[in-house]
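Reviewing the structure listed below.
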Amino acid sequence: MSTRGDEAFLEAAGFLGRRLCRDALWAGDRCNWLGDSLEAVGGTWSVVHRALGPDLYGGTSGIALFLTTLHRWTGEPLFRITAEGALAHAMSHAGDLAPAQRVGAYTGWTGIAHAMAVAGEAFGEGTLTERACAMAVEAATNVDAGSGLDVLSGTAGAIPILIGLQRRTGRNDLVTLAECLGERLLGVVRKSEAGWSWDTVPGQAERDLTGFSHGAAVIAWALLELSAATGQAHFRDAADHAFAYERHWFDKEQDNWPDFRAMSKPAPGAGPARGMVAWCHGAPGIGLSRIRAFELTGGEMRREEAEAAMRSTLRMLKHASLGAQIDFTLCHGRAGNAELLIYAGQAFNDETARAAAEDVGRQGIEAFRRKDLPWPCGVPGGGETPNLMIGLAGIGYFYLRLYDPVAVPSVLIMQPVDTANAGSQPG
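In structure tokens, the structure reads:
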């Protein structure tokens with residue numbers, strides 16, 4: 001049975017893929033791009049225009065992941081050639097990443113390894129998968145006290161990728177490494193009456209964070225995947241305590257969870273901390289964790305929390321139109337918010353959620369693709385940028401998700417692959 005959507009979604013993805021191929025800068029068999037980013041310059045945050053690094057979040061491996069997936073749908077040789085060039089750059093510059101962040105899924109080696117493994121399957125290049133495993137093993141083996149805990153640059157994000165690599169290759173040592181990372185998380189957990197939480201951003205928050213990019217939600221999800229892969233009940237128990245921590249702070253009025261980062265602290269007299277509504281912080285990302293938890297363990301409370309997250313996400317998307325949240329990207333934009341609705345459409349067979357996500361996609365096509373206007377990306381004060389999480393590659397990936405959410409896996413909650421479907425071609 002076909003799960004494909006509007007052909008306009010595939011056309012939009014192809015358009016963005018061709019833009020990326022056109023703008024690639026080549027040196028031998030490697031390619032890179034220039035893009036905007038925020039960096040500290042002279043003690044203040046400034047928009048800078050520079051070459052990309054190798055990472056999944058903002059670098060060439062993330063673009064490679066999009067182009068690889070796009071090639072599977074279109075068969076266009078240019079997408080494969082450029083994806084391979086982007087991966088060649090990522091592999092050659094992986095050593096540029098600081099050792100403490102190499103375990104990370106979005107900023108480190110495990111994310112690069114994920115993109116390599118996906119390309120290895122798609123292109124029939126077994127050596128890419130072998131190199132991916134070697135890179136992931138080295139990153140997971142050399143975790144130290146300076147390594148992070150979260151999904152972006154820490155151990156939580158590495159756990160599902162290691163499990164996924166095991167399912168692709170049959171290498172059980174990868175799950176053993178994932179267990180070690182899980183035990184590391186349990187070794188630094190902070191237990192309170194509210195539940196279990198982690199200090200993922202030392203010195204930058206008034207209390208331990210909720211949320212997906214740095215908060216309890218992502219660590220709970222990683223531990224649930226680990227429990228499902230190993231049968232170890234204590235990982236699931238820990239996940240339950242982490243979900244309890246977020247439940248303690250849930251704001252029923254807003255259908256959202258507060259953002260405890262110091263930078264988001266409300267002014268005196270402004271009331272309690274309010275949450276963002278984005279994948280990185282707030283309901284959309286937390287909702288992803290609850291949907292996956294419902295799939296893995298059931299429980300009406302998980303579904304109720306996911307539905308609360310969907311309500312606040314829908315309010316943001318409807319209220320913002322193309323105004324308050326004009327950013328269209330994955331990390332903190334409209335495409336990332338719509339991912340929660342795409343996933344709910346799959347997991348809950350929720351046609352209303354699916355239709356709302358498709359509406360977001362059609363808004364983007366009408367506002368930017370058909371008018372040939374720049375796509376609003378995720379660097380405040382910056383212009384278009386090519387990367388996955390705050391740029392064009394991620395917007396293109398969002399359109400592939402809309403086109404076929406079953407055959408195109410999410411990059412915002414990177415679940416371990418199903419070996420029955422791994423490497424299957426669209427058809």
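Using the working numbering, you'd call the opening residue of the sequence shown number 1 and step up by one each time.
C-beta atoms are modelled at their ideal positions from N, C-alpha and C, and glycine is treated no differently.
Kindly indicate which three-state DSSP category residue i falls into: helix, strand or coil?
i: H281; result: coil
i: K318; result: helix
i: V360; result: helix
i: A24; result: coil
i: D237; result: helix
i: N256; result: strand
i: G111; result: helix
i: A12; result: helix
i: P380; result: coil
i: S410; result: coil
i: L402; result: helix
i: N142; result: coil
i: Q101; result: helix
i: I342; result: helix
i: V137; result: helix
i: R354; result: helix
i: F66; result: helix
i: F348; result: coil
i: V118; result: helix
i: G299; result: coil
i: G17; result: helix
i: M389; result: coil
i: M276; result: coil
i: G323; result: Legend: pLDDT at G323 = 45, less than 50; position of this residue unreliable, value from coordinates given subsequently. Coil at G323, not helix or strand.
i: H71; result: helix
i: F328; result: coil
i: Y245; result: helix
i: R370; result: coil
i: G95; result: helix
i: L87; result: helix
i: Y106; result: coil
i: G333; result: coil
i: E7; result: helix
i: G58; result: coil
i: P416; result: coil
On the DSSP bridge assignment, give the partners of residue i in chain order.
i: G148; result: G154
i: G35; result: R50
i: W45; result: A40
i: R261; result: A205
i: R30; result: A27
i: D251; result: N256
Below 7 angstroms CB to CB, which residues in the same chain sit around residue i once its five sequence neighbours on both sides are set aside?
i: G336; result: A278, W279, P284, T329, L330, L412
i: L314; result: A356
i: W375; result: F328, F368, E384, L392, I395
i: T230; result: V175, E179
i: A217; result: T210, G211, E246, G285, I286, S289
i: G182; result: I159, L223, L226, F235
i: G85; result: A24, W26, D29, R30, C31
i: A156; result: L149, D150, L185, V218, I219, A222
i: F15; result: R369
I'd like the list of long-range same chain contacts for residue i, defined as Cβ closer than 8 angstroms, with 5 residues on each side in sequence excluded.
i: R362; result: D6, A8
i: V188; result: L149, W198, D199
i: L78; result: R18, C21
i: R190; result: W196, S197, W198, D199, D208
i: E125; result: A119
i: V48; result: D36, S37, L38, E39, V41
i: Q415; result: P160, G164, E225, R292, P409
Might you give, ordered along the chain, the residues of its own chain that have their beta carbon closer than 6 angstroms to the beta carbon of residue i, omitting 5 neighbours on each side?
i: H281; result: G211, D259
i: G59; result: L52, G53
i: F495; result: Residue 495 falls outside the range modelled here, since the chain spans only 1 to 427, and no answer is possible.
i: A306; result: G287, R290, I291
i: G215; result: L209
i: A308; result: D255
Quiz item: Hey, which unbroken runs of the alpha helix (DSSP H) at 4 residues or more fall wholly within the region 167–220?
Solution: 173–187
query = Pairing CB atoms from the region 344–355 with CB atoms from the region 16–24, are three or more of them under 8 angstroms?
reply = no
**Prompt:** Does the region 51–65 come close enough to the region 402–409 that 3 or more CB-CB pairs lie under 8 angstroms?
**Reply:** Taking a cut-off of 8 angstroms on C-beta distances, the region 402–409 does not touch the region 51–65, as fewer than three cross pairs fall below it.
message = Assess contact between the region 64–79 and the region 130–142, defined as three or more Cβ pairs (one per stretch) separated by less than 8 angstroms. Is contact present?
response = no
Sufficient close CB pairs (3 or more, under 8 angstroms) joining the region 94–105 to the region 34–52: Touching, no, given that fewer than three Cβ pairs across the two stretches are closer than 8 angstroms.
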